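First comes the structure, then the notes that go with it.
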Amino acid sequence: MSVVAVFVNVLLFLLLAPLFEGVMRKITARVQSRQGPPVVQPYFDLLKLLGKDRVDSARNWAFRLAPPAAFASILAVAALVPLGSKVNALGARVDAITLVYLLTLGGVSVLLGALASRNTFAAIGASREMVTMVMVEPVLAMTLLVGAARGHSLGLGAAVFGASAAGYGLSTAVMLAAYAVALQAFVAKQPFDIPEAEIEVLEGPFIEYSGPDYALFRWYMMMKQMVYAWLFAAGFLPFLRTGSYVGDLLTQLLGTLLVFVAIALVGSTNPRLRIDQAVKIYAGLIAVALVAVGLAVAGL
Amino acid sequence: MNVLDRIETELRGRLGAGLERTESPGPARLFVDVERSALRAAAKALIGLGGRYMVGIGTDEIARKGTLGLIHTFAFDADHAAVVLRTAAPAADPVFDSITPDIPSAGWSEREYQDLLGMRCTGHPKPKRLILADDWPDGVYPLRKEVPHDLEPPAAEDVAYRLDEAPPGTTVVPIGPFHVSLHEPEHFAVYVDGETIKGCDYRGFMTHRGIEKLCQTQVSYNEVPFVAERICGICGSVHACCYAQAVEAAAGIRVPRRAEYIRTVMLEIERLHSHLLWLGIAGHLIGFDTVFMQAWRVREKVMWLSERITGNRKTYGMILIGGVRRDIGPEVRADIEGVLASLEKEVLTLKNAVIGDGAIHRRTKGVGYLSKEETARWSLIGPVARARGLRLDTRKDHPYAAYDDMTFDVPVVDSGDVWGTLVVRVLEIFESIAILRQALAKMPEGPLMADMPEALPPLRHAVSMVEAPRGESVHYVITGEENRPERWRVRAPTYPNLQAVPAMLLDNQFADFPIILGQIDPCFSCTDRVAVVDARSGARRVLGRAELERMSRRERGKE
Chain A
7 MSVVAVFVNV
17 LLFLLLAPLF
27 EGVMRKITAR
37 VQSRQGPPVV
47 QPYFDLLKLL
57 GKDRVDSARN
67 WAFRLAPPAA
77 FASILAVAAL
87 VPLGSKVNAL
97 GARVDAITLV
107 YLLTLGGVSV
117 LLGALASRNT
127 FAAIGASREM
137 VTMVMVEPVL
147 AMTLLVGAAR
157 GHSLGLGAAV
167 FGASAAGYGL
177 STAVMLAAYA
187 VALQAFVAKQ
197 PFDIPEAEIE
207 VLEGPFIEYS
217 GPDYALFRWY
227 MMMKQMVYAW
237 LFAAGFLPFL
247 RTGSYVGDLL
257 TQLLGTLLVF
267 VAIALVGSTN
277 PRLRIDQAVK
287 IYAGLIAVAL
297 VAVGLAVAGL
Chain B
2 MNVLDRIETE
12 LRGRLGAGLE
22 RTESPGPARL
32 FVDVERSALR
42 AAAKALIGLG
52 GRYMVGIGTD
62 EIARKGTLGL
72 IHTFAFDADH
82 AAVVLRTAAP
92 AADPVFDSIT
102 PDIPSAGWSE
112 REYQDLLGMR
122 CTGHPKPKRL
132 ILADDWPDGV
142 YPLRKEVPHD
152 LEPPAAEDVA
162 YRLDEAPPGT
172 TVVPIGPFHV
182 SLHEPEHFAV
192 YVDGETIKGC
202 DYRGFMTHRG
212 IEKLCQTQVS
222 YNEVPFVAER
232 ICGICGSVHA
242 CCYAQAVEAA
252 AGIRVPRRAE
262 YIRTVMLEIE
272 RLHSHLLWLG
282 IAGHLIGFDT
292 VFMQAWRVRE
302 KVMWLSERIT
312 GNRKTYGMIL
322 IGGVRRDIGP
332 EVRADIEGVL
342 ASLEKEVLTL
352 KNAVIGDGAI
362 HRRTKGVGYL
372 SKEETARWSL
382 IGPVARARGL
392 RLDTRKDHPY
402 AAYDDMTFDV
412 PVVDSGDVWG
422 TLVVRVLEIF
432 ESIAILRQAL
442 AKMPEGPLMA
452 DMPEALPPLR
462 HAVSMVEAPR
472 GESVHYVITG
482 EENRPERWRV
492 RAPTYPNLQA
502 VPAMLLDNQF
512 ADFPIILGQI
522 DPCFSCTDRV
532 AVVDARSGAR
542 RVLGRAELER
552 MSRRERGKE
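Those protein sequences? They're chains A and B, same order as listed.
Each number in our numbering corresponds to the 1-based position in the first sequence with 6 added.
Each number in our numbering corresponds to the 1-based position in the second sequence with 1 added.
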């Protein structure tokens, strides 16, 4: 049963991530008084890109390796997260540190591809991506730490659900606030879509990618966004818990959808910040997250 | 004493025998002919007297006098007048003193005539090619009359524009020739240290269409307004009107008052359209696409209205020499009033949303700062100047069409940054609405066209200014003998404003490049390239031509 859950995880992430992306696009369009593309458009986009020829514009192994590496790392994340409040066969063998490690591996793959493409704009995008990773990933790690401290285990179940499993504490509230702001940076939406900023650095790290390679990166981005949105719904919204696997699956996906709606609304009502402005906000988030960890360790 | 008399007396006193002749065809214009040796002193004196440099005009007088003429124009805004400084040099020795060391915004005008007429301006700080393509042969000057308008010299291989030396410790980021924040082909080499801009070189004029040459050799007087409208997709009526006014002034044609009112209406509708379009693009440039989409939704109403009045959503085709082509009837008038009412409501919502948004403040305040003194030194115009404390508006300073009958404010702020430009342009939307309402209410009955003489008198000079949404447009016309202008020079507002962009970019963040360039609302088709340079770790990396080409993925194999 817990082996089946691994496959359910992978399938749900692969298939639903583009749908959530479509929902975000639709909501953004409505805010902008536009009709917007159909919600299934991201599937079409992926299919179209996957059907194109590969263009190996940088001609080196790192450039070719980066998209599958990023995609593989996010697949691994999808396979092991406790979706539906159930720690599955894979999840039981790893802990929160593995999760952080795998998510970071995806980001590092993007950096690898960007730097290997030897494009000025990719280089600027990579340097911005690096700053964002260094400054924002700690918030993720600390979210899991708060769960681990409150759940008294580094296991995935405790780290993800621990923050609110036994009701809200002060540390949960503080962490929730920090995570909510960082979420916009995790999913690279305005005001924190700085590394990709189309108008400045032309999609930054991804500028040299096209066709199937780019499809893998896009899919990777969508799944990554889904992981972070799900983590919010699973970690901070305890009322979504029903007790049954299928029930939790449904409520968590619904919660994820709502988180995506919020992301789209914030994204469409904010301009992009500059990296120097964003860094100041990220630094504040780390400080707040540290306070939350401290409170959790103190049992609050 | 009249201001022009005062200027004339001053010039006479300073130049002595260097001043050849003066004429004043109207109350607001003074033409001064000087020896070429006195040119720089005369230009410096005019700036010292409070003049603002507008544009230089080069003329080919070889057939008639064996000379090449150089004309500099100056506006005296507070005195509602313009002074034209004319000089000439034998075609065999077309050398002038450069006035650019004293007047930086003359830099492009002088480079332009080095390229197009083969003049040489000694002492020019940057005498590089400006307009001609890099593979254009030396010694062929396309604006000279001996060169046919359709000359196509063979393309040359392996010629490239040499970018300015990058400051030490910087990296070049190439913006253009194609880049999403540029809407037309241009190349800016931006020199960056990390993310801080340390300098910039510009190579443009990639889509130079030779419109002036075309209109001086191929078409007739009344066809030019339609070509003029196509200089720019946004301020077409401005160029048509400015050209028509210059011809009218040169030939002494009086335009019927109703036609002047209709011109005012078209110019203000064009301003409404342009301000809403720019506001949308400014939103897009700082990553705020909701502002972009909403501003353009509102703008759609203006386009609908233009179609209702002229049959065209843009490029109205309303203006002819001597008047306008279509009347504004009572039904159309009701439609204009209806659209203005709904527009005013929508723009008010938009204004409150944009001006009150703290996130927009963070992205625009203190960005692209230029002091009032530097703004005046660079002869900046339009909303860019009005955001930097200069009260310049051609509609007030040099009234044309029916603006002398209109009551309106000129919003001026002194924040000196992108924020100020944004505020000025948003507030001007309301002034435009007010002007339109007044124009409709006060519009007199009468004919739409002046009685035109059989032929226009040849070789008369006139300069005309019109306030385009982005700033002042200047047209200079010398009437010709073959039912077409002998010389027609167009200066769009981007021409002076773009020259000061490197000064505005200095020490700003690379992320702000799009909005700093975007604030001047650059119209490259009106005027006609940025590379970025990295000083981190002290290593200097300048991307040369080979690397640029490799980046463009064209000749990777060859390099």
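Even glycine gets a Cβ: it sits at the ideal position worked out from N, Cα and C.
This one's a predicted model, so the numbers in the text were calculated from it and none came from an experiment.
Taking the Cα of Ile430/B as reference, the smallest distance to any Cα among Ser275/B, Thr480/B, Pro126/B is reached at Ser275/B. Under the Cβ criterion of 8 Å, Leu208/A is counted among the residues facing chain B. At a C-beta separation below 7 Å, Gln231/A has no neighbours in chain B, since its nearest C-beta there lies roughly 18 Å away. In the three-state reduction of the DSSP assignment, Asp139/B falls in the coil class.
Three or more pairs of CB atoms, one per stretch, sit closer than 8 Å, so the stretch 421-437 of chain B contacts the stretch 261-271 of chain B. For Leu296/A, there is no enclosing beta strand (DSSP E); the enclosing alpha helix (DSSP H) has its first and last residue at 281-303. In chain order, Pro143, Leu144, His150 place their CB closer than 8 Å to the CB of Lys214/B, counting only its own chain and leaving out the 5 sequence neighbours on each side. Fully contained in the stretch 220-281 of chain B are the following alpha helix (DSSP H) runs of length 4 or more, in chain order: 225-230, 237-252. Chain-order list of chain B residues neighbouring Ser274/A: Asp290, Thr291, by C-beta distance under 8 Å.
Under the 8 Å criterion on CB atoms, Glu187/B is classed as non-interfacial with respect to chain A. Put simply, of Thr395/B, Phe511/B, Asn509/B the residue whose alpha carbon is nearest the alpha carbon of Glu473/B is Thr395/B. Straight-line measurement puts the Cα of Ala203/A at about 21 Å from the Cα of Lys199/B. In terms of Cβ geometry, Tyr203/B and Val478/B do not form a close pair [threshold 8 Å].
Taking 8 Å as the cut-off, the beta carbon of Gly324/B is found closer than this to the beta carbon of Ala260/B. Within the same chain, Lys195, Gln196 come within 6 Å of Gly273/A by CB-CB distance, once the 5 residues on both sides are set aside.
The C-alpha of Ser238/B is placed about 19 Å away from the C-alpha of Lys397/B. At the C-beta level, Cys236/B and Ala469/B come within 8 Å of one another. Under the criterion of beta carbons closer than 8 Å, Leu5/B and Leu47/B do not qualify as touching, at roughly 12 Å. At a cut-off of 8 Å between C-beta atoms, Gln295/B counts as an interface residue with respect to chain A.
Spanning the alpha carbons of Pro218/A and Asp51/A requires a straight line of approximately 11 Å.
Rounded to whole angstroms, the separation of the alpha carbons of Glu24/B and Asp78/B is 20 Å.
Between the C-alpha atoms of Leu89/A and Val303/A there is a straight-line separation of about 26 Å. Between Asp103/B and Lys45/B, the gap from beta carbon to beta carbon is short of 8 Å.
Distance check between Gly300/A and each of Leu222/A, Tyr185/A, Arg156/A, Ala78/A places Arg156/A closest, using alpha-carbon atoms only. Against chain A, the beta carbon of Ala161/B has no neighbour under 7 Å; the closest one sits roughly 18 Å away. Nearest to Val385/B by C-alpha distance, out of Pro486/B, Trp297/B, Pro154/B, Pro412/B, is Pro412/B. Residue state for Lys373/B is assigned as helix, using DSSP reduced to three classes. Here Pro494/B carries a coil assignment [DSSP, helix/strand/coil]. Residues of the stretch 26-44 of chain A whose Cβ lies closer than 7 Å to any Cβ of chain B, in chain order: Val37, Gln38, Ser39, Arg40. DSSP places Asp116/B in the helix class (H, G or I) of the three-state scheme. Under the Cβ distance rule, Ala512/B counts among the residues neighbouring chain A, one pair being separated by less than 8 Å.
The DSSP-derived three-state label of Pro24/A is helix.
Residues of the stretch 269-293 of chain A with a C-beta less than 8 Å from any C-beta of chain B: Ser274, Thr275, Asn276, Pro277, Arg278, Leu279, Arg280, Ile281, Asp282, Gln283, listed in chain order. Distance check between Ala229/B and each of Tyr317/B, Val173/B, Leu507/B places Tyr317/B closest, using alpha-carbon atoms only.
Annotation: the stretch 133-171 of chain A contains the following complete segments of the alpha helix (DSSP H) (minimum length 4 residues), in chain order: 162-171. Closest in C-alpha terms to Leu506/B, from the list Gly367/B, Leu40/B, Ile356/B, Asp290/B, comes Gly367/B.
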